[in-house]
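Written below as structure tokens is the structure these notes are about.
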Amino acid sequence: MPGIASITASLGRFAMPRPWVPEAPWLHLIRVDVVDDEGATGSGFTWTPTIGATAVRALLDDDISAAAVGSTTDPEALWPRLWAHLHEAGGGGITTIALAGLDTALWDLRGRRAGLGLSDLLGRRRDTVRAYGSGVNLHLDAASLAAQVERWIAAGYDAVKIKVGKPDLAEDVDRVTMVRELLGPDRRLMIDANQRWDVDQAVSSLERLGVVAPAWIEEPLRSDDTAGYERLRQATDIPIALGENVHTIHRFRDLVDRGVADVLQPNVVRVGGITPFLAIAALVDDAGLTLAPHLLPDLSGQLALALPQRTEVEDVEDAGFVAIGAIDPPGPVTIAEGRVQVEQRPGLGFVIRDRAAETTAVAH
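Under numbering that gives the first Met the number 0, think of the first position of the sequence shown as 0, with each following residue one higher.
Now the structure itself:
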């Protein structure tokens, strides 16, 4: 198999039509380009919504490139070696986010060489999956939230997710009650606390929010508080979703073994790319739990067609790569009437636009 000849990392910043928080109107994407020693190319990416992008790119420019150039282009063989090499700097977080940039580029290279889109390269099991509408909307007033939910209904979604965690629980109750009334009894409503509560707050909040029959409560506690999740699991019947801020298969295995979550939500970038994501998906499937990939429908939508279990793709309003101007339209993944459709193009099927302020090429 050819070896890696060069790795180039470029940092770009893209304006969001609907910023997730008013003080952070940008999303940061690091494009990673790989050339092998036969001249074939692959292009991947990694991602940070608000902070850490320069640190991620620096890790790619320095330690990852130094260790990877001259090594195999096989992502499944290379990933565990690089993870072990970087472990001194942390088993997850910046290290796995940076690894995702190279891993996705190597999968793109593999797909381009084979002339296959990612779903077919992995072994496509289905032609479409459902998506659910999602929004970072805690800062929206009630009228704006209602308008967002009505857009999801009009777009054909049969499930939506909204944020909870207002300082006044009564306001949360009013908001979820309004959304439930808009959705009616047949559409599912998920709620996401984004790690805002401690155990006692979570128990008291869910006692009142349970009146709307949420399909799950997402990240009610800090993602690291496994003992807290064990206590909460005993105190509520509402399914618990967890995983967007969990970075390694070892941590996911701990969550599975300790029975603290019903829905596991790996983010394909935060766990280190496609290679570890697939291993985590298999772990979740073997445990008989529900997998719900976090964000990034441009990539997770393609993966969903090849996963062992049928899953749903999270579609955050106006946050896809076409919507933020990060890739040329149309992208390979489209969502219409609440269903994901994928056009099979070689590799990932897209290349992040180069809006980099700085670009560094490293070849050893």
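A virtual CB, placed ideally from N, CA and C, is assigned to each residue, including glycine.
Out of 312, 102, 48, 183, which one is the CA nearest neighbour of residue 59? 102
Taking one C-beta from the segment 22 to 35 and one from the segment 3 to 10 each time, how about it: are there three or more such pairs within less than 8 Å? yes
Is residue 204 helix, strand or coil by DSSP? helix
Opening and closing residue of the alpha helix (DSSP H) in which residue 75 lies: 74 to 85
DSSP has residue 131 in a bridge; who is on the other side? The partner list for residue 131 (beta bridge, DSSP) reads 313.
Residue environment, residue 166, which counts as buried when at least 16 other CB atoms sit within 10 Å: exposed
Note down the Cα distance separating residue 149 from residue 178, rounded to an integer number of angstroms. 9 Å
Identify the continuous beta strand (DSSP E) that holds residue 158 and give its terminal residues. 158 to 162
When the distance is taken between beta carbons, is residue 219 closer than 7 Å to residue 201? With contacts defined as CB atoms closer than 7 Å, residue 201 and residue 219 qualify as a contacting pair.
Can you tell which of 196, 197, 175, 195 has its C-alpha closest to the C-alpha of residue 187? 175
Starting from residue 209, follow the alpha helix (DSSP H) in both directions and report where the run begins and ends. Residue 209 -> no alpha helix (DSSP H), and no H or E assigned at all.
Could you check the C-alpha separation between residue 216 and residue 204 for me, to the nearest Å? Distance between the alpha carbons of residue 216 and residue 204: 11 Å.
Residues sharing a beta bridge with residue 191, DSSP: 162, 217
Assuming residue 312 contacts residue 339 (C-beta within less than 8 Å), just tell me the rounded distance between them. About 5 Å separates the two Cβ atoms, so the contact holds.
Residue range of the alpha helix (DSSP H) that includes residue 98: Counting along the chain, the alpha helix (DSSP H) containing residue 98 begins and ends at 93 to 113.
What number of angstroms, rounded off, separates the C-alpha of residue 116 from the C-alpha of residue 109? 10 Å
Report all residues from its chain with a CB closer than 7 Å to the CB of residue 282; omit the five preceding and five following residues, and keep chain order. 248, 251, 252, 255
With which residues is residue 45 paired in a DSSP beta bridge? 29
Can you tell me where the beta strand (DSSP E) with residue 241 in it begins and where it stops? 239 to 241
Neighbour flag for residue 107 against chain B, beta carbons, 7 Å: The structure shown has no chain B; it contains just one protein chain.
Please report the straight-line C-alpha distance between residue 265 and residue 315, rounded to a whole angstrom. Cα-Cα distance, rounded: 16 Å.
Residue 327 in three-state terms, based on DSSP: Coil, per DSSP.
On a CA-only basis, which of 0, 331, 146, 309 is nearest residue 298? Give me that one, please. 331
Which residues bound the beta strand (DSSP E) around residue 9? 3 to 14
Hey, is the segment 21 to 29 in contact with the segment 39 to 46, meaning 3+ C-beta pairs nearer than 8 Å? yes
Residue burial classification, residue 86 (beta-carbon count within 10 angstroms, cutoff 16): exposed
Buried or exposed (CB count within 10 angstroms, at least 16 for buried), residue 363: Because residue 363 carries a pLDDT of 32, less than 50, the predicted location of this residue cannot be relied on, and no value is offered for it.
So what does DSSP say about residue 300, is it helix, strand or coil? helix
Between which two residues does the beta strand (DSSP E) containing residue 339 stretch? 338 to 341
In chain order, what residues of the same chain lie with their CB nearer than 7 Å to the CB of residue 195, ignoring the 5 residues before and after it? 164
Taking 7 Å as the threshold (C-beta atoms), are residue 78 and residue 274 in contact? yes
With a threshold of 16 other CB atoms inside 10 Å of the CB of residue 138, please say whether the residue is buried or exposed. Exposed, by the Cβ-count rule.
Residue 363 by DSSP, collapsed to three states: which one? Below a pLDDT of 50, predicted positions are generally treated as unreliable, and residue 363, at 32, falls in that range; no measurement from the model is reported.
On the three-state DSSP scale, how would you describe residue 259? coil
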